[in-house]
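S.K.: Attaching a single structure in structure tokens format; questions to follow.
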Amino acid sequence: MLPVPVIARRLRLRSFYFANGIVGCLFTLSLVILPDTTFTLALALFGEFLFQALSFAIQIGTVFEANGPDNPLAATTLAFLTAATIIPVTYLMFIDGQAYSPGGIVGTLFADAAIGILTCTAAAILLAKFDSTAARASEGSMAPPGEQS
Numbered sequence: 245m246l247p248v249p250v251i252a253r254r255l256r257l258r259s260f261y262f263a264n265g266i267v268g269c270l271f272t273l274s275l276v277i278l279p280d281t282t283f284t285l286a287l288a289l290f291g292e293f294l295f296q297a298l299s300f301a302i303q304i305g306t307v308f309e310a311n312g313p314d315n316p317l318a319a320t321t322l323a324f325l326t327a328a329t330i331i332p333v334t335y336l337m338f339i340d341g342q343a344y345s346p347g348g349i350v351g352t353l354f355a356d357a358a359i360g361i362l363t364c365t366a367a368a369i370l371l372a373k374f375d376s377t378a379a380r381a382s383e384g385s386m387a388p389p390g391e392q393s
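If you're matching positions, the sequence shown starts at 245 in the working numbering and goes up one per residue.
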């Protein structure tokens with residue numbers, strides 16, 4: 245049995261997305277210490293595509309979650325939110341190319357991993373802050389009318 249369904253049942257999709265991003269970036273960073281061989285290239289391609297495919301699957305799940313049931317704009321929302329997932333892929337190709345000039349493959353891998361870890365961590369912290377604020381607000385609104393402050 246694959247571990248992904250087990251993880252997906254235990255973590256919220258947004259948390260799973262950030263965890264996948266950080267683990268994927270750590271995988272990318274680990275490629276820096278491997279020798280320049282055919283096996284390393286094959287491992288890099290397999291691992292990078294695996295983490296990216298998992299990321300896209302989680303993103304689509306999050307889009308479906310955001311759409312909700314009986315949404316008359318579901319197709320439009322799906323199209324826009326799915327298209328937005330391509331934005332990071334586009335600008336990271338540019339940044340990776342700029343990092344390749346001074347540092348070669350090691351520079352590209354390091355830049356890709358460092359940017360990914362920093363952005364995933366920052367986004368996860370921001371999301372946790374906003375989620376906890378929203379949770380406190382909804383708890384306050386659920387209290388009986390005599391108990392609200």
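Virtual Cβ for every residue (Gly too), placed ideally from N, Cα, C.
Alpha carbon to alpha carbon, how far is Glu309 from Leu255?
M.R.: So the two alpha carbons sit approximately 14 angstroms from each other.
S.K.: Taking DSSP as the reference, what is the three-state secondary structure of Pro332?
M.R.: Reduced to three states, the DSSP call for Pro332 is helix.
S.K.: Using the Cα positions of Phe260 and Ala358, report the straight-line distance between them to the nearest angstrom.
M.R.: Rounded to the nearest angstrom, the two C-alpha atoms are 19 angstroms apart.
S.K.: Less than 7 angstroms between C-beta atoms, sequence neighbours within five positions excluded: which residues of the same chain meet that for Ala209?
M.R.: Residue 209 cannot be examined here, being either before or after the span of the chain that is shown, 245 to 393.
S.K.: Is any heavy atom in the ligand HEM found nearer than 7 angstroms to the beta carbon of Ser259?
M.R.: No copy of the ligand HEM occurs in the structure displayed, which carries no ligand at all.
S.K.: Quick one: is Thr272 buried, meaning 16 or more other Cβ sit within 10 Å of its Cβ, or exposed?
M.R.: Buried, by the Cβ-count rule.
S.K.: How far does the alpha helix (DSSP H) with Ile266 in it extend, from its first residue to its last?
M.R.: 257–274 is the span of the alpha helix (DSSP H), which, as asked, contains Ile266.
S.K.: Can you tell me whether DSSP reads Leu325 as helix, strand or coil?
M.R.: If DSSP states are grouped into helix, strand and coil, Leu325 belongs with the helices.
S.K.: Count the other C-beta atoms from every protein chain shown that fall within 10 angstroms of the C-beta of Phe262, then say buried if there are 16 or more, exposed otherwise.
M.R.: Answer is buried; the Cβ neighbour count reaches 16.
S.K.: In the DSSP assignment, the alpha helix (DSSP H) including Thr284 goes from what residue to what residue?
M.R.: Note, Thr284: alpha helix (DSSP H), 282–311.
S.K.: Gly312: buried (16+ other C-beta within 10 angstroms of its C-beta) or exposed?
M.R.: The residue in question, Gly312, is exposed, as its Cβ has fewer than 16 Cβ neighbours within 10 Å.
S.K.: Going by beta-carbon coordinates alone, are Val267 and Leu353 separated by less than 8 angstroms?
M.R.: Cβ distance not < 8 angstroms, so Val267 and Leu353 don't count as in contact.
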